[in-house]
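Residue numbers (our numbering), protein chains in the order written: chain A, 1 to 338; chain B, 1001 to 1513. Beta carbons are placed, not taken as given, at the ideal position from N, Cα and C, and that holds for glycine. These numbers were taken from a predicted model, which means no experiment stands behind them. Here's the structure, in structure tokens; my notes come after.
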Amino acid sequence: MFASKLTRRGAVSASAGLALALSMTACGGNVADSGAAADGSEFPSGPVSLTIGQDPGGSTDRIGRALAENAADPLGVAIPVVNKPGANGALATKEVAGMEPDGQNLILLNASLITITPLAVSEEEAVSLDDVEVITGISQDDYVLVANADSGLKTMEDITSADKKFNFATTGVGTGSQLAQALLFKQAEVEGTDVPFDGGSPAMTALLGNQVDLATIQLGEAMPQIEAGKLTPIVTFSEERNQYLPDTPTAVEAGYDVPVSQYRAVAAPKGTPEPVLAELKEAFTAAFESEKYKEFNEQNLFTPTQIDGEQLAADWKGYAEKYKALTEEYGVDLGGEK
Amino acid sequence: MEFFEPVINGFGVVLEPMNLLYCLLGVMIGMLIGVLPGLGPAATIAILLPLTYGVEPVTAIIMLAGIFYGAQYGGTITSVLLRLPGEASAVVTVFDGYALAKQGKAGTALGIAAIGSFIGGTVSIIGLTLLAPIVASFALDFGPPEYTALALLGILLVATVSNGGKLKSVIAAGLGLLLATVGRDGFTGESRFTFGSLSLADGLDFVPIAMGIFGLGEILYNLEQRHNKVQAPAKVANVWPSRQDLKQSSGAIGRGSVLGFFLGILPGGGATLSSLAAYAMEKKRAKNPERFGRGAVEGVAAPESANNAAATSSFIPLLTLGIPANATMAIIFGALLIQGVTPGPQLVANDPELFWGVVNSMYIGNILLLIMSIPLVGIFVKILRVRAAILAPITVLITLIGVYTIRNSVFDIWLVIFFGVIGYLMKKFGFEPGPLVLAFVLGALLEENLRRSLLVFGGDAAGFVTRPISGVLLLVFLMVIFLPLIQSLFKKARAKKATNTDDPSRKNEKESV
């Protein structure tokens, strides 16, 4: 009986695999309406898989899945999402970058992997934009500096005039949260210790419990506690005010040169033919305009930002250089005290 | 009233047909693997983990929890009928359970065990319902220093309290701590023991380790052990215990339930430890302790109540603080993470449906088990005849496919095989896998929080002692270290008076988690 139960449950995954295989063949026949690729072969020649280098359930994963769902119809084939978490997405990015450049395999990129992670890890673990073709930018997710409401801290002036040492929680080493906060406090000449946590949720819990004085976390994560009045937003780190926190100034407005956000993009392996990229871009554009995708972004407090691939690549390279220059100028070492 | 609202909503969650079905499935699987010697709940949960991926988090955890406490019921059956404990936590039940069976009172033993298990489980759930929110309300006071102290205490207890050889447990725990250091350092970004592999950059994942060591390792080990088991089960008659038996065991059930509840909360505690403790306590209290081992109903009632109570209460530290108390809880911890739920202080407040859904499912599960355990005894005994040659390859296949599906990573399959071999060798040479796995989980927690605390304190370690909660925990830590030393000094003094203090309840100890 135990055996039969196990086989039955085993059969569920087996049949799922079978269903996938079936859908692959089914979609294989559905390419008549798609344009021909530059090298003469048909695109798409089957489901286009989107690899995500983060765990399922996180914000990167949810954005990727929402996008894939809404771009499948315009593209005419299914876009299955494959999670390959590891090394902040470097593992998945390197894997996809090494695949056949035919547009059948895409990767969801986090800007922090390109712009910030290299500041914290060794060279061979970092990923370069030169290995991929960026198709389009998809969203922007802002960081917000928050304090426990009990602390009475409301503005940057409160912090600079407090004349005390602050402990500030970050979402981890080599993240935008760490970079933004470290740069801000150096520029503001506030003495502080950077305490890395394993993600946004534990960082926020520590702040709620007054274990630390300040934290920088992603806006979507902080919002419920901000609305509940338990956390006070001090600044956001975007270049413009965030639409969901219109009354909170940006760090730039407060007089500090710290433009840090989490940007995301979809990319294909280097060498993917131009017409294929164009077709993919068209499908994603259609997804951006769909009501469902807009609704998803509003519900999750994400800011969809569609930027042209080339423009984005230039932007990200600009950020990477800027962060490097800023960290050198202010003596910020994301690797911590080694 | 405010307190009870989410509790009652939790029942609404459990009574959804899907959740009821998975609860039933969980307790059935639990009972089955409880009957099968060797394959423990930790292994089963590890193997079935990837299959829960497609269902809602609350449904998944309801099923996995059902496996855990269901196994406590099932383990009794073979203890009584075959003198073969299906679970480590049913080892002590063998002494009096099998003696009763030989006297033709197998039914009585099983009946008392089922009733004791039910009462123990239920008492513990009520305790959990009342205590968990209180613990959770303190949870925000749990900062890095408190977690450091708790992890330290947990590792110490795991390494010393578990019932295998102490030295071997410490070695296994040490290995677990070492494995926890693999990967990119979360504070400096430096790579440790990754050998340039990006697959190791995030460290070793908990799931392949658990699946390898518990799942594959146990299967390999059992293949080697299985061939020597052909025994005719004893006949089962009059399952309902007599009024006199009930009266005789009621005290034992009550004490066992309470003891089990408290031991279950302790890190490193859990079902096995509490069943041993409950048996020892009953024997100590009895007017004529020589009855024990010769068919005393209390000897079945106490450990069975205690192991079920402990199985339930070990959910408290997991669900309120995010700290697994034993190896099985560590795997459920992994299951929650896979589902995108981080167990911890915020869980009760942020996700009351999940929290109370899981807690309340245990009431239902225990009722189901009580109903099932008595009439279905005969069927479960038949399962013992399923040949390992059939069962083992299927289980291995499911394990390997399962681990691949979690992260779509072939590397993880190799990890499972590697740790499967390690797990097999460990069992073969008498090392417990439990301390390794738990130390692996707690080791990461310990290191991160220790370093985080020191950052917060500005490098001044005095903060660990001056903060009340971490201070108390560290005091307990010291007591655990020094109490046995003091006790052994006393014992030496006493040994001069009486030389022979043989304790039969300690003879057959062995744990397979």
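Contact set between residue i and chain A, taken where Cβ atoms lie within less than 9 Å
i: residue 1202/B; result: 85, 86, 87, 88 and 91
i: residue 1181/B; result: Ordered by position in chain A, no residue passes the 9 Å Cβ test against residue 1181/B, which lies about 15 Å from the chain.
i: residue 1448/B; result: 196, 197 and 198
Per-residue burial, residue i [other beta carbons within 10 Å of its own, 16 or more giving buried]
i: residue 26/A; result: With a pLDDT of 39 at residue 26/A, under the threshold of 50, the predicted position of this residue should be treated as unreliable, though the coordinate-derived value follows. Flag for residue 26/A reads exposed.
i: residue 1005/B; result: exposed
i: residue 1018/B; result: exposed
i: residue 39/A; result: Reliability of the predicted coordinates at residue 39/A is poor, the pLDDT of 49 falling under 50, and the value obtained from them is presented with this limitation in mind. The residue is exposed, with fewer than 16 neighbouring Cβ atoms inside 10 Å.
i: residue 129/A; result: buried
i: residue 32/A; result: Only weak support exists for where residue 32/A lies, its pLDDT of 38 falling under 50; the value from the coordinates is given anyway. Residue 32/A is exposed by the Cβ-count criterion.
i: residue 1029/B; result: buried
i: residue 166/A; result: buried
i: residue 285/A; result: exposed
i: residue 122/A; result: exposed
i: residue 1495/B; result: exposed
i: residue 294/A; result: exposed
i: residue 1067/B; result: buried
i: residue 328/A; result: exposed
i: residue 1356/B; result: buried
i: residue 1375/B; result: exposed
i: residue 96/A; result: buried
i: residue 1382/B; result: exposed
i: residue 36/A; result: With a pLDDT of only 41 at residue 36/A, under the threshold of 50, the placement of this residue in the model should not be trusted, and no figure is reported.
Residue i and residue j closer than 8 Å at C-beta
i: residue 52/A; j: residue 268/A; result: no
i: residue 1198/B; j: residue 87/A; result: yes
i: residue 198/A; j: residue 1420/B; result: no
i: residue 112/A; j: residue 143/A; result: no
i: residue 1309/B; j: residue 1260/B; result: yes
i: residue 1064/B; j: residue 1325/B; result: no
i: residue 1222/B; j: residue 84/A; result: no
i: residue 236/A; j: residue 245/A; result: yes
i: residue 1359/B; j: residue 1140/B; result: no
i: residue 1211/B; j: residue 1401/B; result: no
i: residue 1271/B; j: residue 1072/B; result: yes
i: residue 1257/B; j: residue 1112/B; result: no
i: residue 116/A; j: residue 264/A; result: no
i: residue 288/A; j: residue 63/A; result: no
i: residue 1462/B; j: residue 1158/B; result: no
i: residue 262/A; j: residue 141/A; result: yes
i: residue 181/A; j: residue 145/A; result: yes
i: residue 1480/B; j: residue 1474/B; result: no
i: residue 1194/B; j: residue 1207/B; result: no
i: residue 1075/B; j: residue 1121/B; result: no
Chain A residues whose Cβ lies nearer than 8 Å to that of residue i
i: residue 1244/B; result: Ordered by position in chain A, no residue passes the 8 Å Cβ test against residue 1244/B, which lies about 36 Å from the chain.
i: residue 1452/B; result: 195, 196 and 197
Residues that residue i contacts on chain B, provided the C-beta gap is smaller than 9 Å
i: residue 174/A; result: 1184 and 1189
i: residue 94/A; result: 1198
Listed by chain order, chain B residues near residue i by CB distance under 7 Å
i: residue 231/A; result: Neighbours of residue 231/A on chain B: none; closest Cβ ~13 Å, over 7 Å.
i: residue 122/A; result: 1191
i: residue 329/A; result: Correct list: empty, because the minimum Cβ distance to chain B is about 20 Å.
Proximal chain A residues relative to residue i, where beta-carbon distance stays under 7 Å
i: residue 1456/B; result: 167, 195, 211 and 212
i: residue 1409/B; result: 84
i: residue 1342/B; result: 201
Neighbouring residues, chain B, relative to residue i (Cβ below 8 Å)
i: residue 334/A; result: 1189
i: residue 253/A; result: Per Cβ cutoff of 8 Å: no residues; residue 253/A is ~30 Å from chain B at best.
3-residue-minimum beta strand (DSSP E) runs that sit fully inside the segment 167 to 255 of chain A, ordered along the chain: Counting whole runs of 3 or more residues, the segment 167 to 255 of chain A contains the beta strand (DSSP E) stretches 192 to 196, 214 to 218 and 231 to 236.
Given 8 Å, three or more beta-carbon pairs between the segment 1347 to 1366 of chain B and the segment 1077 to 1094 of chain B: Under the Cβ criterion (8 Å, minimum of three pairs), the segment 1347 to 1366 of chain B does not count as touching the segment 1077 to 1094 of chain B.
Given 8 Å, three or more beta-carbon pairs between the segment 1146 to 1153 of chain B and the segment 1338 to 1352 of chain B: Look at the beta carbons and you see the segment 1146 to 1153 of chain B not touching the segment 1338 to 1352 of chain B: under three pairs across the two are nearer than 8 Å.
Members of the segment 201 to 218 of chain A near chain D, C-beta cut-off 7 Å: No chain D is present in this structure, whose protein chains are A and B.
4-residue-minimum alpha helix (DSSP H) runs that sit fully inside the segment 1009 to 1067 of chain B, ordered along the chain: Correct list: 1017 to 1035 and 1041 to 1048.
Inter-stretch contact at 8 Å, needing at least 3 Cβ pairs: the segment 1292 to 1299 of chain B / the segment 1091 to 1108 of chain B: The segment 1292 to 1299 of chain B makes contact with the segment 1091 to 1108 of chain B; the number of CB pairs closer than 8 Å reaches 3 or more.
Contact the segment 168 to 175 of chain A vs the segment 209 to 228 of chain A: 3+ CB pairs below 8 Å: By the Cβ rule, the segment 168 to 175 of chain A counts as touching the segment 209 to 228 of chain A, because three or more pairs are nearer than 8 Å.
The segment 1438 to 1446 of chain B contacting the segment 1106 to 1126 of chain B, beta-carbon criterion three pairs below 8 Å: Verdict: no, contact absent.
Residue ranges of each beta strand (DSSP E) within the segment 1151 to 1197 of chain B, 3 or longer: Taking only runs of at least 3 residues, no beta strand (DSSP E) segment lies wholly in the segment 1151 to 1197 of chain B.
4 or more residues per run - each alpha helix (DSSP H) lying fully within the segment 1338 to 1379 of chain B: Within the segment 1338 to 1379 of chain B, the complete alpha helix (DSSP H) runs of at least 4 residues are 1347 to 1350 and 1352 to 1373.
Within the segment 1078 to 1152 of chain B, ranges of the alpha helix (DSSP H) (whole runs, at least 4 residues): Qualifying alpha helix (DSSP H) stretches, in chain order: 1093 to 1102 and 1106 to 1138.
Every unbroken beta strand (DSSP E) inside the segment 95 to 129 of chain A [3 residues or more]: Listed in chain order, they are 105 to 110.
Whole runs of the alpha helix (DSSP H) within the segment 1433 to 1502 of chain B, excluding any shorter than 4 residues: The segment 1433 to 1502 of chain B is shown to contain whole alpha helix (DSSP H) runs of 4 or more residues at 1433 to 1457, 1463 to 1466 and 1468 to 1495, in chain order.
Cβ contact (3+ pairs, closer than 8 Å) linking the segment 1311 to 1318 of chain B and the segment 1278 to 1285 of chain B: Contact between the segment 1311 to 1318 of chain B and the segment 1278 to 1285 of chain B is absent, with fewer than three C-beta pairs closer than 8 Å.
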